[in-house]
Amino acid sequence: MAKTYDYLFKLLLIGDSGVGKTSILFRFSEDAFNISFISTIGIDFKIRTIDLDGKKVKLQIWDTAGQERFRTITTAYYRGSMGIMLVYDVTNEKSFENIKNWIRNIEENASADVEKMILGNKCDLDAKRQVSKERGEQLAIEYQIKFVETSAKDSLNVEYAFYTLARDIKAKMEKKQEASNPPGNRSGVHQLKDSDRQRKPTSWLSRCSLL
Amino acid sequence: MSSSSVEDIPEQCRDLFTQDGVLLKSCMGRPISDLNSIGMLCIVQNVDSSKCIEWRPNDLITIDSDTQDQEWAVVNTIGRRQRTLSGNMTSDYAAARARIIRIQLNELKTFKCSRNNQQMQFSTKPGVWHNTFYFQHGNAEIFVANLKNHVKTAKTRHDRNTYVVVEPNVESQELNRSFAELDIFTENTTDVVWNFVHNFKQRPYATTMEAFSKLNDIVYYGNEAVNGKRDVTEEVADLLTKSMSALEDATSVTRSDEYEVINVKPTLPPRPCIPRGTSLSTEKWEGLHDTEGRITEVEGVKQLIFRGGVANSIRHSVWKYLLDYHPWTMTHAEIKVLQKKRTEEYFSMKLQWRSMTEGQEARFSEYRDRKSLVEKDVNRTDRTHPFYAGDNNPNLVILQDILMTYVMYNFDLGYVQGMSDILAPLLLLLGNEVDSFWCFVGFMDKIASNFDMDQAGMKQQLLNLQQLLMFASPELARHLAAKDSANMYFCFRWLLVWFKREFSHKDIMRLWEVLWTGLPCANFHLLICVAILDSEKDVIMHKDCGFTEILKHVNDLSMCLDVDRILSTAEGIYHQIISAPHLTDQVCVILGIPTVGAKPEEPEEPEVPQAGPTNGNAVTYNPDMEEVTLEYNGLQISVVTQTVWALLA
Ligand SMILES: Nc1nc2c(ncn2[C@@H]2O[C@H](COP(=O)(O)OP(=O)(O)OP(=O)(O)O)[C@@H](O)[C@H]2O)c(=O)[nH]1
Ligand SMILES: [Mg+2]
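Residue numbers (full-length UniProt numbering), protein chains in the order written: chain A, 1 to 211; chain B, 1 to 649.
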């Protein structure tokens with residue numbers, strides 16, 4: 001049985017309700033945009049396998065509900081994430097201010113070395129903009145996190161964002177491996193065991209998925 | 001003494017009401033061998049037009065290990081002698097007749113319901129309960145409602161479930177007739193046989209359990225319809241034979257000769273398959289109102305709705321009652337007044353937020369936040385449904401207005417995601433802003449704890465669900481625990497919006513109206529979860545199904561579920577749970593039924609030290625006893641040591 005991927009990365013999308021997390025994920029996984037999306041209740045994830053420098057990287061991207069009171073439940077899924085997308089809505093000042101709270105939330109619930117990235121979504125809506133690109137960049141510098149403005153609607157920078165985050169995780173991982181394994185023995189702790197690779201695509205993955 | 005045996009059934013007796021699946025649990029002056037058999041509880045009109053309660057045994061369905069061989073013999077007999085019942089059958093028939101119990105209504109003094117309304121006791125002398133019956137399917141509510149048409153009763157002050165007969169009710173013929181429509185279990189006997197043959201192929205064991213008592217009547221009493229029209233053919237006999245082996249399979253564990261302690265696992269009794277009924281029709285619903293518009297038989301109505309839901313044509317009316325907007329006891333005139341008052345109330349609350357100026361809003365961040373949450377969600381609610389589809393859809397404005405007005409109605413709760421999902425089907429059905437608002441208020445009252453700020457209500461429910469699953473499907477519960485999923489978070493969406501995201505609009509209406517009845521127990525929606533999970537057990541317990549796959553699989557069940565099958569399964573699980581000999585207090589508390597550990601409400605009758613096989617109280621713990629007799633699903637199991645109790649606990 002041929003292996004289906006070399007790496008499996010678990011990513012997480014967080015941010016206020018309505019900033020466009022589900023839309024970004026839908027754009028990335030199905031390359032589509034749906035104006036009549038439904039709000040996320042609970043938690044769900046989507047899968048896309050990308051090619052990164054000759055390696056097949058399977059991204060398992062978790063999408064959570066944005067409203068604060070559901071956080072007690074959703075934070076349970078932070079564990080094990082290797083990368084987090086912090087999303088705000090450029091037409092919504094409050095969602096931008098809340099990024100700080102979300103970062104604090106990550107610090108409390110996710111592993112310390114998790115890769116992060118800030119996304120200012122809905123940049124297609126220039127007329128309604130409340131948060132300038134400069135303020136976004138400023139915040140990113142403050143926290144030393146990468147930043148990009150995106151539009152799930154116009155498919156702007158969504159691919160770029162995920163590829164960037166995945167590449168950063170891969171780089172960090174390989175650096176760690178090199179540190180722990182002298183060159184010549186690169187079995188790699190994060191690389192999957194044979195039994196995992198041999199997994200057949202299971203039936204539920206082929207079913208229709210409603211977010 | 002009223003509950004005496006009768007040797008003859010008077011020829012001209014008329015059954016006014018019959019309830020199948022009633023177990024005789026105790027009867028003064030009867031040998032223990034007569035107990036625990038299933039029969040039919042009837043209200044019968046005698047030749048002299050006096051009335052009595054009559055219980056007739058259906059020996060075929062007695063699940064007692066001693067009589068099982070006998071049952072086999074009877075089953076085989078049917079094939080050979082289709083119409084001429086003679087020899088042994090006749091003496092069986094006579095024996096069965098001798099076991100009929102009759103209680104004359106003019107001698108009946110008190111009766112009471114207990115054990116979550118599944119048990120009924122009758123007394124003709126103060127302080128002595130002569131008979132105890134256990135309702136295997138459903139509960140005694142419809143029987144009581146019917147009985148109350150024939151006797152005038154008053155509830156005792158100290159116990160709401162005890163009725164004192166004031167005088168026999170003579171002028172109840174009218175009510176009688178209207179109530180006959182409520183008799184959902186009455187079927188044409190010929191149909192019973194053929195339904196049975198048909199259903200058997202799909203669900204052999206359960207079908208047998210359901211249909212046996214009815215079929216039995218035909219065999220014993222020689223139903224004319226059967227003899228005249230269609231034969232009870234070899235096919236039936238064949239099926240019966242097969243079904244009996246199914247019955248045997250299900251109980252074989254406990255029939256082995258050696259009662260090794262190690263083999264006595266706290267297993268649940270077999271799951272009865274309870275068919276769904278037909279929906280409450282327009283005619284029935286109209287017939288249930290008295291001349292002024294009151295609805296008196298509330299429990300009966302709820303039973304009907306629980307069984308079959310509501311016909312779409314009358315949903316807009318019935319839902320207002322189920323959601324506590326219209327009180328059942330109000331007349332049409334009173335409801336008109338109420339509606340006017342509620343309309344005014346609604347619009348005055350609506351005005352409160354409508355008259356807020358921009359400046360006010362700018363300085364009122366809490367209000368602003370709520371408003372923006374509502375706006376975001378309204379735009380994402382059921383937009384694929386024609387009613388809410390398209391740009392500038394006026395129904396979206398109504399959705400928004402109702403939710404904003406609810407923010408003013410209950411500012412502390414405000415708006416929480418999920419509420420738009422709750423409201424959308426109500427507005428879709430009712431079409432009217434005010435009605436939808438008040439029905440929404442009623443629904444929210446039922447599920448308010450889902451939206452607690454700290455999510456305590458949701459966490460409690462997830463915990464309760466886990467505990468129920470551990471009881472009803474322990475292997476699955478253990479598997480989930482092993483896969484890091486014991487917190488049941490993957491059921492969060494199901495519970496938060498009562499499965500709204502899992503079913504089509506048509507199906508969610510059915511599920512909700514059934515759940516709103518509050519029957520057959522508290523937290524029945526958790527048993528819906530158990531039913532779904534149990535039917536997905538094979539996939540979930542597959543070795544490759546880990547934490548993420550479980551979540552994915554559960555999420556992807558959305559729109560792939562069969563509402564009627566799930567309701568039926570959930571009800572079956574309910575009966576399994578409450579009949580389990582190892583029923584725990586924890587489970588009782590979740591389901592709102594009397595706890596096992598609690599003292600029985602009535603003093604135990606000396607004649608029957610261990611009554612009732614299918615009841616939670618069936619098992620009596622006696623630490624001094626070396627040998628314990630367990631009543632399990634009608635089977636007597638003797639176990640030798642106390643360690644069994646540790647296993648059962
Ligand atoms: N114009 C525009 N609208 C967008 C964009 N992304 C999302 N939206 C819209 O914003 C609304 C919210 O998007 P969602 O993806 O559902 O938001 P979410 O962050 O998943 O929200 P929750 O599930 O409630 O946490 C939807 O109506 C989308 O159509 C975008 O890039 N441009
Ligand atoms: Mg979302």
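C-beta: ideal position from N, C-alpha, C; glycine also.
Predicted model, so just to flag it, every value in this text is computed and none were measured.
So that I know if they touch, is there some Cβ in chain A lying closer than 7 Å to that of GLU457 of chain B?
Locating residue 457 of chain B in the second sequence gives position 457, where the first residue counts as 1. First, the residue type needs correcting, since residue 457 of chain B is Gly and not Glu in the sequence shown. So, not an interface residue.
Between which two residues does the alpha helix (DSSP H) harbouring GLY300 of chain B extend?
Here residue 300 of chain B corresponds to residue number 300 of the second sequence, with the count starting at 1. That run of the alpha helix (DSSP H) goes 298-308.
Taking its Cβ as the centre, do 16 or more other Cβ atoms sit within 10 Å of ASN101 of chain A, making it buried, or is it exposed?
Here the question's residue 101 of chain A lines up with position 101 in the first sequence. The residue is exposed, with fewer than 16 neighbouring Cβ atoms inside 10 Å.
How would you write the range of the beta strand (DSSP E) that GLY83 of chain A sits in, first residue to last?
For the purposes of this step, residue 83 of chain A is taken as the residue at position 83 of the first sequence. 83-89 is the span of the beta strand (DSSP E), which, as asked, contains GLY83 of chain A.
Following the continuous beta strand (DSSP E) through CYS52 of chain B, name the residue where it begins and the one where it ends.
The residue labelled residue 52 of chain B in the question sits at position 52 within the second sequence. Here the beta strand (DSSP E) through CYS52 of chain B covers 51-57.
Classify LEU351 of chain B: buried if its beta carbon has 16 or more other beta carbons within 10 angstroms, exposed otherwise.
Start at 1 with the first residue of the second sequence, and residue 351 of chain B comes out as number 351. Result: exposed.
Please list the terminal residues of the continuous alpha helix (DSSP H) segment that includes GLY457 of chain B.
Residue 457 of chain B sits at position 457 when you count from the first residue of the second sequence. Note, GLY457 of chain B: alpha helix (DSSP H), 456-472.
Could you name each continuous beta strand (DSSP E) segment of 3 residues or more that falls completely within the segment 24-93 of chain A, going from the start of the chain to the end?
The qualifying runs are 43-52, 55-64, 83-89.
Quick one: does ARG69 of chain A have its CB under 7 Å from some CB of chain B?
Within the first sequence, numbered from 1, the residue matching residue 69 of chain A stands at position 69. ARG69 of chain A counts as touching chain B.
Please name the residue, chosen from A:TYR7, A:ASP126, A:PHE147, that lies closest to GLY136 of chain A on a Cα-to-Cα basis.
In the first sequence, residue 136 of chain A corresponds to position 136, counting from 1. Comparing Cα positions, the closest option is A:PHE147.
How many angstroms separate the CA atom of GLU107 of chain B from the CA atom of MET541 of chain B?
Walking along the second sequence from the start, residue 107 of chain B turns up at place 107. Walking along the second sequence from the start, residue 541 of chain B turns up at place 541. Approximately 57 Å between the Cα atoms of the pair.
Going by DSSP, what residue range makes up the alpha helix (DSSP H) through TYR574 of chain B?
The sequence position of residue 574 of chain B within the second sequence is 574, counting from 1. Start and end: 563-579.
Taking C-alpha atoms, which residue in B:MET470, B:PHE503, B:ASP585, B:ILE593 lies nearest to CYS521 of chain B?
Against the second sequence, residue 521 of chain B aligns to sequence position 521. Out of B:MET470, B:PHE503, B:ASP585, B:ILE593, B:ILE593 has the C-alpha closest to the C-alpha of CYS521 of chain B.
Strictly below 7 Å CB to CB, what residues from chain A border GLY418 of chain B?
To locate residue 418 of chain B, count along the second sequence from 1; it is residue 418. Simply ILE41.
By the 10 Å Cβ neighbour count, where 16 or more other Cβ atoms means buried, how is PRO386 of chain B classified, buried or exposed?
The residue labelled residue 386 of chain B in the question sits at position 386 within the second sequence. By the neighbour-count rule (16 or more Cβ atoms within 10 Å), PRO386 of chain B is not buried but exposed.
Pull up the distance between the alpha-carbon of GLU334 of chain B and that of LYS341 of chain B, whole angstroms please.
As a working note, residue 334 of chain B is residue 334 in the second sequence. As a working note, residue 341 of chain B is residue 341 in the second sequence. Roughly 11 Å between the two C-alpha positions.
DSSP beta-bridge partners for THR110 of chain B?
In the second sequence, counting from the first residue as 1, residue 110 of chain B sits at position 110. BP columns for THR110 of chain B point to B:SER123, B:VAL164.
Quick check on the DSSP output: the alpha helix (DSSP H) that includes ILE14 of chain A runs from which residue to which?
On the first sequence, position 14 is the one that residue 14 of chain A refers to. From DSSP, ILE14 of chain A is part of no alpha helix (DSSP H) but of the beta strand (DSSP E) over 7-14.
Considering only residues of the same chain and omitting the five flanking positions on each side of VAL90 of chain A, which have a CB-CB separation below 6 Å?
Within the first sequence, the letter at position 90 stands for residue 90 of chain A. Closer than 6 Å at the Cβ level, and outside the excluded window around VAL90 of chain A, lie GLY120, LYS122, CYS123, ARG129, VAL131.
Is ASP43 of chain A buried or exposed, if buried means 16 or more other CB atoms sit within 10 Å of its CB?
Position 43 of the first sequence, counting from 1, holds the residue named residue 43 of chain A. It is worth fixing the name first, because residue 43 of chain A is Ile in this sequence and not Asp. So ILE43 of chain A ends up on the buried side.
Could you give the distance in angstroms between the alpha-carbon of PHE17 of chain B and the alpha-carbon of ASP290 of chain B?
By one-based count along the second sequence, residue 17 of chain B stands at place 17. By one-based count along the second sequence, residue 290 of chain B stands at place 290. Near 21 Å, if we compare the C-alpha coordinates of ASP290 of chain B and PHE17 of chain B.
At a CB-CB cut-off below 7 Å, which residues of chain A make contact with TYR489 of chain B?
The residue you call residue 489 of chain B lines up with position 489 of the second sequence. Residues of chain A passing the Cβ test: ILE73, ALA76.
Indicate, with yes or no, if ligand 1 has a heavy atom lying under 6 Å from the CB of ASN555 of chain B.
As a first step, residue 555 of chain B is located in the second sequence; it is residue number 555 there, counting from the start. Checking the Cβ of ASN555 of chain B against ligand 1 gives no.
Taking only three categories from DSSP, how would you classify THR132 of chain B?
By one-based count along the second sequence, residue 132 of chain B stands at place 132. It is a strand residue.
What is the DSSP secondary structure of GLN586 of chain B, counted as helix, strand or coil?
One-based indexing of the second sequence puts residue 586 of chain B at position 586. Reduced to three states, the DSSP call for GLN586 of chain B is helix.
What in chain B is Cβ-close to GLY18 of chain A, meaning under 7 Å?
In the first sequence, residue 18 of chain A corresponds to position 18, counting from 1. Per Cβ cutoff of 7 Å: LYS376.
On the CB-based measure, 16 or more other CB atoms within 10 Å of its CB, does SER17 of chain A come out buried or exposed?
Position 17 of the first sequence holds residue 17 of chain A. So SER17 of chain A counts as buried.
Under 8 Å between beta-carbons, which chain B residues line up against GLY65 of chain A? List them in chain order, please.
The residue given as residue 65 of chain A occupies position 65 in the first sequence. It is Ala, not Gly, that sits at residue 65 of chain A in the sequence shown. Those are GLN417, listed as they occur along chain B.
What does the Cβ neighbour count give for ALA98 of chain B, buried or exposed, with the cut at 16 atoms within 10 Å?
Along the second sequence, one-based indexing puts residue 98 of chain B at 98. Exposed, because fewer than 16 other Cβ atoms sit within 10 Å of the Cβ of ALA98 of chain B.
Using DSSP with H/G/I as helix, E/B as strand and the rest coil, what is CYS529 of chain B?
Taking the second sequence and counting its residues from 1, one reaches residue 529 of chain B at position 529. CYS529 of chain B: helix per DSSP, three-state reduction.
Can you check whether the C-beta of MET453 of chain B is within less than 7 Å of a C-beta belonging to chain A?
On the second sequence, position 453 is the one that residue 453 of chain B refers to. So yes, MET453 of chain B belongs to the interface.
So does LYS376 of chain B have its beta carbon nearer than 6 Å to some heavy atom of ligand 2?
For this step, residue 376 of chain B is matched to residue 376 along the second sequence. Not under cutoff, so the answer is no.
What are the partner residues of ALA98 of chain B, as DSSP defines its beta bridges?
The residue you call residue 98 of chain B lines up with position 98 of the second sequence. BP columns for ALA98 of chain B are empty, so no partner.
For the 8 Å Cβ check, are there 3 or more pairs between the segment 368-379 of chain B and the segment 462-475 of chain B?
Touching, no.
Is it the case that the segment 407-416 of chain B contacts the segment 387-396 of chain B, given that we only count it when at least three CB pairs across the two stretches are under 8 Å?
No, because fewer than three Cβ pairs between the segment 387-396 of chain B and the segment 407-416 of chain B fall closer than 8 Å, the two stretches do not touch.
Cβ-heavy atom distance between ASP369 of chain B and ligand 1 below 6 Å?
By 1-based counting over the second sequence, the position of residue 369 of chain B is 369. Checking the Cβ of ASP369 of chain B against ligand 1 gives no.
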